[in-house]
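Visitor: No gaps in the numbering here: position 4 of the sequence shown is 19 in this note's numbering, and each next residue is one more.
Glycine included, each C-beta is placed from N, C-alpha and C at the ideal position.
What follows is a single structure, and I will ask about it in a moment.
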Amino acid sequence: MVSNEELKEILLESESIAVVGASSTPWKDAHEVSRYLQEMGYNVVPINPNSEELFDRKAYSSLDEVDVDVDIVDVFRPSREAAAIAKQAIEVNASVLWLQLGIESDEARKIAQKDNLTYIEDTCIMRAHKRLIS
C-alpha cells in the first residue's frame with residue numbers, strides 16, 4: 016500500500032499522465048478526472064480507440080501506440096483488463112500504474128511489482144490530488 020506521503024510525491028514529481036479509457040462524455044468520471052488533471056497542469060495523454068482527439072490533445076488507440084513520455088498510467092477500464100495494461104505501462108517506461116476507484120487486480124499488482132512499477136489501486140487520482148496537493 017502506498018502512503019499519503021508517497022502519493023503526494025508521485026503527484027508532485029509527475030508531469031505526464033496517460034489516461035486509459037479517457038472519455039469524451041462530460042458526465043463520465045473518465046472525462047471529469049482527465050479534464051481536472053489537465054487543468055492542474057499535467058500533460059494528459061488520452062487513450063481511447065474511438066477518438067482521434069480528446070481535451071484538445073491527440074488521442075491514442077492504445078497505450079502501446081503512445082510516442083511521448085508517460086510518468087503515470089491512470090486506468091479507467093475493467094479490472095480484467097488491468098494486467099494487460101500493466102504490461103503496456105512497463106513497455107512505455109511509466110513509473111506508476113494507477114487503477115481508479117473500484118479497479119483492483121492481483122495479476123496487475125504482481126506484474127507491476129516484478130518490474131518495480133509503483134502500483135496503486137482502487138484510488139481516484141483526482142480525489143488524491145485534491146486532498147494532498149490542492
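Please name the residue, chosen from VAL81, HIS46, SER31, that lies closest to VAL59 on a Cα-to-Cα basis.
Guide: Measuring from the Cα of VAL59, the nearest candidate turns out to be SER31.
Visitor: Is the CB-CB distance between ALA97 and LEU116 below 8 Å?
Guide: no
Visitor: DSSP has TRP113 in a bridge; who is on the other side?
Guide: Under DSSP, the beta-bridge partners assigned to TRP113 are ASP89, ILE135.
Visitor: Could you tell me how far apart the beta carbons of LEU27 and ILE148 are, in whole angstroms, since I believe they sit closer than 8 Å?
Guide: 7 Å
Visitor: Identify whether LYS145 lies in helix, strand or coil by the three-state DSSP scheme.
Guide: Taken through DSSP and simplified to helix, strand or coil, LYS145 comes out as helix.
Visitor: Is the Cβ-Cβ distance between ILE25 and THR133 less than 8 Å?
Guide: yes
Visitor: What does ALA33 pair with, by DSSP beta-bridge criteria?
Guide: VAL60, VAL88
Visitor: Within its chain, find whatever has a CB closer than 6 Å to the CB of ALA123; leave out the 5 residues flanking it on each side and keep chain order.
Guide: Around ALA123: ALA97, ALA98, ALA101.
Visitor: For ASP84 versus VAL34, is the C-beta distance shorter than 8 Å?
Guide: no
Visitor: Check each candidate in MET141, ALA74, ILE118 and name the one with the smallest Cα separation from SER4.
Guide: Outside the displayed span of the chain (16 to 149) sits residue 4, for which this structure offers no information.
Visitor: In the DSSP assignment, find the unbroken alpha helix (DSSP H) run with GLU24 in it and report its ends.
Guide: 19-28
Visitor: Between ASN65 and THR138, what straight-line distance do the alpha-carbon atoms span, to the nearest angstrom?
Guide: 25 Å
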